[in-house]
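Residue numbers (our numbering), protein chains in the order written: chain A, 1408 to 1615; chain B, 1408 to 1615. Virtual Cβ for every residue (Gly too), placed ideally from N, Cα, C.
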């Protein structure tokens, strides 16, 4: 298909497609002549993936490049998951060693029996939130950790289960990337729904 | 205390404190004369709260203003939670009625027995992710919903439990805001840790 049809089928403007081409996020098209590029279904798929990662996952173009490279590389899937995790915005530096947040996170992770590398980006994110709770004089919020960990384990297991369902290696890698990036938004959305339900039940009882 | 001491104790620069004052995010200080403002411990607390919401929660100054107003207003706590939810970045418009994502979310929410209002911001976030999964030809990822919902319910119940622990109404409201905004980051961090652990176990077994 021509560029105009690619734009129509993918819902991405011609200007944006050209931008993604310059950024080398799209596979090369077939060329019957220097001015005649022909695009195929895999270009439509790639454009939809880019838009989902940018619009729904909140990734920058640079981050999209990193996760696409991870999805295509012939590296072990647990590495690909690590690259996808590092590409997601919100990564932060680990608080200083000796921070109470780091100690608490490492302690609860050990009690869950998790094998987690020191540079897992989630370790820094979680430790930083715990340090904030403490600084805000909300030490009691650390009591959520065991149940948050149980819930995170449920989510992580079903995440990995969907990867195992895939028919081939390319789809497995794509699932790691898509599910890791968009799954944060999905869970955050469901948490807000469950919170509203729990709030209605708890506060309407308490205040009535 | 004077401005310089307030800056030192809170770790927030004098320029930033003056900015937050112009934005009316701080309580008025006591003034012994027009040029002599005296700040108290509640100013230190407020500055720490603002910085946690901005730096760790990713809120804009406008969003901070809305959640602080929600925390201070004498409104039912379930309303305050709704305002905190709406103030969190990442809110999106609900996809068109008739979108498959909306149908799926409403159906799983009903099967959980959740009472959720149509404008719950999480409903739109979650529906949009499901529509992305479908558009990316990853319908199998919808199979995560029941387990994600169970995990979200665990998290929401412990969230609400921490609110009930608070000694007074002001602390309850603050807990709603802090726990809702920063809890997303905490959970996302723990999910990455649990994913790494699950990936090691699953892929190293599958590929060995």
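Residue 1573(B) (DSSP reduced to helix, strand or coil): coil
Contacting positions in the region 1518-1541 of chain A - beta carbon closer than 9 Å to chain B: 1519, 1520, 1521, 1522, 1523, 1524, 1527, 1528, 1529, 1530, 1531, 1532, 1533, 1534, 1535, 1536, 1537, 1538, 1539, 1540
Simplified DSSP state of residue 1480(B), which is helix, strand or coil: coil
Buried versus exposed call for residue 1421(A) [16 or more other C-beta atoms within 10 Å across all chains shown]: exposed
Length of the line joining the Cα atoms of residue 1594(B) and residue 1438(A): 47 Å
Min CB distance residue 1557(B) to chain A below 8 Å: yes
Any chain B beta carbon closer than 8 Å to residue 1505(A): no
Coil, strand or helix - residue 1423(B) by DSSP: helix
Reduced DSSP category for residue 1603(A) - H, G, I as helix; E, B as strand; rest coil: helix
Contact list for residue 1509(A) against chain B, beta-carbon separation under 8 Å: Residues of chain B passing the Cβ test: none, with the nearest at roughly 12 Å.
Limits of the alpha helix (DSSP H) - the one that residue 1412(A) falls within: 1410-1417
Under 8 Å between C-beta atoms of residue 1474(A) and residue 1494(A): yes
Residue 1524(B) (DSSP reduced to helix, strand or coil): coil
Sub-8 Å separation of residue 1601(B) and residue 1521(A) beta-carbons: yes
Alpha carbon of residue 1416(A) to alpha carbon of residue 1591(A), nearest angstrom: 28 Å
Test: residue 1481(B) CB closer than 8 Å to a CB of chain A: no
Contact with chain B by residue 1408(A), beta-carbon distance below 8 Å: no
Segment contact, 8 Å Cβ cut-off, at least three pairs: the region 1507-1521 of chain B with the region 1531-1549 of chain B: yes
CB contact below 8 Å: residue 1455(A) versus chain B: yes
Chain A contact for residue 1443(B) (CB, 8 Å cutoff): no
Below-8 Å beta-carbon distance, residue 1598(B) vs any chain A residue: yes
Cβ contact (3+ pairs, closer than 8 Å) linking the region 1429-1436 of chain B and the region 1564-1583 of chain B: no
Paired residues, beta bridge with residue 1437(B) - DSSP: 1445(B)
Opening and closing residue of the alpha helix (DSSP H) in which residue 1508(B) lies: 1507-1519
The region 1536-1546 of chain A / the region 1457-1473 of chain B touching (three or more Cβ pairs under 8 Å): yes
Own chain partners of residue 1587(A) with C-beta closer than 8 Å, once the 5 adjacent residues on each side are dropped: 1488, 1491, 1492, 1495, 1566
Exposure of residue 1440(A), with buried meaning 16 or more beta-carbon neighbours within 10 Å: exposed
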